[in-house]
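Notes follow once the structure below has been shown.
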């Protein structure tokens, strides 16, 4: 695109500066001949305004107002080929032009404005053609990168090599780098990011290998759009994975799917052992919400199982960086309980129970996060608070309570009476009004669900304490 200085340098046009020489590097995108008294209503930003001076007022004050309004239109420059009856330019008008670095050029009366317009328009058309060709090459280069690699990092690397560009895509909320054209890039201080369009909340940093070379803004705009499409495609995949993960989570909890049979599915989601469950109670304003946490860059190489509820749950690898990112994402008002690693012996449902207990302990101790089995674990069989009592009931009797609700049974009542009758089979069966064999079946089922024998010394003591504490605190009927 041609500049004001380029026009002045063209000897055939015989142009000279009258004012605004400091604005000589302004680009001109089109040329308009206007002799009306209000040229600002007829031109656009970047245009060269050409006139014979017929519309310029004679009065000095009116000239100042006239040039001020023309400058405000963001025109690039003014060319005057004065006719004999045109008003002389006042010193005040020229001073305003100098103050705003607005070029005013005077042409020889023999120079036709059409000649100036032709040169400007040809330059503009050539620039547009070059931009279209450059844009076409950019799309071709990106298409080749799509065929050559599946990862965004690799695509940016290939594109950067072809275009001699450096590129970094960065997440606004976590400040993590999502992708870059090469490792260990440092953004120059003078590079301003482009906000990528769409719902991805990411920025694009773009600069040339030669930092002194300016990248065409139109090409930067094209690339920004491509990155926006790329990010939207990734987000759609994240949405799909979240939906599938939520269904799997529910199926495991309901017992429709055995956790032991999910190994291959979890590996396809890059969820490799050891895994832990997080019970989360989001509180207060935060950078991320539970509805969009699956877009977090920390999960770009894996797809956790996520289930919204009260509390919310996330199943992810036992990785401190991942867990720490979740804590940071939800903010200081959020409480998180972390289970022990899920094993085939303890099972997935027990891991959920551990996470809930750890969450309760985190709330009790006013801390952001608590891991089950550390400082927050119940280590004493003598509850000191209602919260501890609730945890004991949940830990030792929770499975029975859940089973009774789901199957309309009375295992908890059976256990209570069995313990109250000192584990006497005949006496307990009589009080319950059931056959002794039915009682044996129920006690065996209680043992399977809890892992404790009600008629053993440990089982009797543990269940008695949990039942007694729950009734005293009003948690159990």
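Residue numbers (our numbering): 339 to 815. Cβ coordinates follow ideal geometry from the N, Cα and C atoms, glycine included.
With at least 16 other beta carbons inside 10 angstroms of its own, residue 569 counts as buried. The residue from 519, 583, 556 with its alpha-carbon nearest to that of residue 475 is 556.
Taken through DSSP and simplified to helix, strand or coil, residue 635 comes out as helix. Taken through DSSP and simplified to helix, strand or coil, residue 357 comes out as strand. Here the C-alpha atom of residue 458 lies approximately 12 Å from the C-alpha atom of residue 351.
Around residue 410, the same chain offers 378 as residues with beta carbons nearer than 8 Å, after the five sequence neighbours per side are excluded. In the three-state DSSP reduction, residue 509 falls in the strand class (E or B). Secondary-structure assignment with DSSP links residue 388 through a beta bridge to 371, 417. Cβ-Cβ distances below 8 Å link residue 441 to 342, 355, 357, 358, 359, 361, 362, 364, 414, 415, 416, 435 in the same chain, with the five nearest sequence neighbours on each side left out; the list follows chain order. DSSP, reduced to helix, strand and coil, places residue 687 within a helical segment of the structure shown. Residue pairing from DSSP leaves residue 768 without any beta-bridge partner. Where residue 675 is concerned, the enclosing beta strand (DSSP E) starts and stops at 673-676.
Residue pairing by DSSP places residue 546 opposite 503 in a beta bridge.
When the alpha-carbon of residue 540 is set against those of 525, 514, 687, 559, the nearest one is in 514. Scanning its chain for C-beta atoms nearer than 7 Å, with the 5 sequence neighbours on each side dropped, one finds around residue 646 the residues 628, in chain order. Collapsing the DSSP output to three states places residue 484 in a helix.
For residue 560, the enclosing alpha helix (DSSP H) stretches over residues 555-592. According to the DSSP assignment, residue 666 belongs to the alpha helix (DSSP H) that extends over 658-668. The C-alpha of residue 543 is placed about 7 Å away from the C-alpha of residue 529.
The residues 340, 386, 414, 458, in chain order, have a CB closer than 6 Å to that of residue 366 in the same chain once the five nearest residues on each side in sequence are set aside. Burial of residue 617 is indicated by the presence of at least 16 other C-beta atoms within 10 angstroms of its C-beta.
Per DSSP, the unbroken alpha helix (DSSP H) holding residue 437 starts and ends at 429-437. Between residue 784 and residue 749, the C-beta gap is smaller than 7 Å, which places the two residues in contact. Residue 653 carries a strand assignment under DSSP once its states are collapsed to helix, strand and coil. Residue environment analysis places residue 426 among the exposed positions, since fewer than 16 neighbouring C-beta atoms fall within 10 angstroms of its C-beta. A contact is defined here as three or more CB-CB pairs under 8 Å, and the region 390-403 meets this definition with respect to the region 367-376. When the five nearest sequence neighbours on each side are left out, the beta carbons in the same chain lying within less than 6 Å of the beta carbon of residue 671 are those of 621, 622, in order along the chain. The Cβ atoms of residue 698 and residue 614 do not sit closer than 7 Å to each other. Under the three-state reduction of DSSP, residue 778 is assigned to helix. Residue 618: member of the beta strand (DSSP E) spanning 613-619, first to last residue. Residue 598 is positioned such that its CB atom lies no closer than 7 Å to that of residue 654.
Straight-line measurement puts the Cα of residue 590 at about 56 Å from the Cα of residue 552.
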